[in-house]
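Heads up: the structure comes next, in structure tokens.
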Amino acid sequence: MNDLKLVLIGPPGSGKGTQASRLKEKFGIPHVSSGDVLRSEVARGTDFGKQIKGFMDRGEIGPVELITSVVLDFIDRECPNGFLLDGFPRTLYQARKLDETRGVTAALYISVPEDIIVKRITGRRTCKACGAIFHVLTSPPKKEGICDACGGELMRRSDDNEETALNRIRVYKNETVPVLDFYREKGLLRTIDGDGTTDEIFSRIIEAIGQ
Ligand code: AP5
Ligand code: MG
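The opening position of the sequence shown corresponds to residue 91 in our numbering, with each subsequent residue numbered one higher.
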């Protein structure tokens with residue numbers, strides 16, 4: 091099962107990271123979140139990280155060719171067989187580049203109404219150490235501020251304020267929605283109703299990929 095090549099597409103806060111960790115557990119395929127790859131560059135203070143920080147804080151896409159080559163190199167290094175991509179491809183340019191080098195088994199589009207995603211984003215907490223995802227209302231940690239999985243400190247992402255979240259939604263509509271058509275035309279798009287509990291959405295994904 092570890093040669094599945096899946097991409098998860100959806101607006102900010104739609105649950106890509108949450109579902110990716112469940113899929114990774116079930117199928118043992120490596121999960122690549124382009125946002126996590128880029129946040130780690132920013133946290134390490136690399137030249138590339140310094141170049142992209144402002145774009146990320148504003149919820150913009152930034153230097154797309156450079157970012158695409160960094161993420162594709164990461165995928166090449168970490169995913170010799172299958173992969174589970176989350177947040178990539180995010181533009182038509184990225185979808186075409188991925189298509190040139192590797193096919194995908196399915197593109198899973200998690201569809202969630204806008205009023206729900208803003209609530210999900212503003213209540214999210216993420217573990218600094220292992221990246222586990224929580225929500226203050228819908229999936230709170232057992233002990234406030236502490237990760238259930240590894241005991242690490244929970245934080246709020248710097249782009250998880252309402253103003254940046256609304257800009258991320260705008261960018262998603264302009265840049266990422268065309269990627270849905272790209273996969274639809276190839277017959278690879280599977281639309282998942284992303285309104286429901288995480289268990290319900292996970293079952294819908296499993297059904298959609300026929301596993
Ligand atoms: P990225 O990190 O990809 O952020 P995003 O696309 O905005 O998506 P999020 O991570 O915010 O949401 P998610 O869908 O993973 O939801 P989650 O599972 O956490 O990108 C960040 C930035 O990096 C971009 O703005 C850009 O600047 C840059 N970037 C990234 N990729 C790039 C690329 N390819 N090219 C160029 N730039 C790039 O869930 C959200 C919350 O909801 C959590 O609290 C969770 O607990 C909760 N939740 C999840 N599911 C449910 C449910 N069913 N019911 C209730 N609550 C739920
Ligand atoms: Mg995410």
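Ideal Cβ placement from N, Cα and C applies to all residues, glycine included.
One or two residues paired with residue i in a DSSP bridge
i	result
T40	Here the chain comprises residues numbered 91 to 301, so residue 40 is not present and cannot be evaluated.
R280	L198
I259	Note: I259 sits in no beta bridge, so no partner.
K95	F173
S123	D176
S229	H225
Buried/exposed call for residue i, threshold 16 Cβ in 10 Å
i	result
V147	Strictly speaking, residue 147 in this sequence is Asp, with Val absent from that position. The residue is exposed, with fewer than 16 neighbouring Cβ atoms inside 10 Å.
T136	exposed
S104	buried
E243	exposed
L156	exposed
A110	buried
G241	exposed
E275	exposed
S293	exposed
R214	buried
T158	buried
Per-residue DSSP class, three states only, for residue i
i	result
L174	strand
I236	strand
S104	coil
P153	coil
G144	helix
D271	helix
I291	helix
D285	coil
Proximity of residue i and residue j at Cβ, strictly below 8 Å
i	j	result
D176	L98	yes
P102	I296	no
V127	A185	no
V261	I151	yes
I299	A197	no
T212	A255	yes
V194	L278	yes
K67	M245	Outside the modelled stretch of the chain, which goes from 91 to 301, sits residue 67, for which no answer is possible.
F145	V160	no
R192	K114	no
G100	N257	no
G107	S123	yes
K143	V154	no
Below-8 Å beta-carbon distance, residue i vs any chain D residue
i	result
E253	Of the protein chains in this structure there is only one, and it is not chain D.
- Query: On the three-pair Cβ rule with 8 Å, is the stretch 188-204 touching the stretch 278-295?
  - Reply: yes
- Query: Contact between the stretch 258-269 and the stretch 171-181: three or more CB pairs below 8 Å?
  - Reply: yes
- Does the pairing of the stretch 230-250 with the stretch 207-222 give three or more beta-carbon distances under 8 Å? yes
- Can we say the stretch 114-129 touches the stretch 167-174, given the rule of at least three CB pairs closer than 8 Å? yes
- Stretch-stretch touch, CB-based, cutoff 8 Å, three pairs: the stretch 240-255 with the stretch 157-170: no
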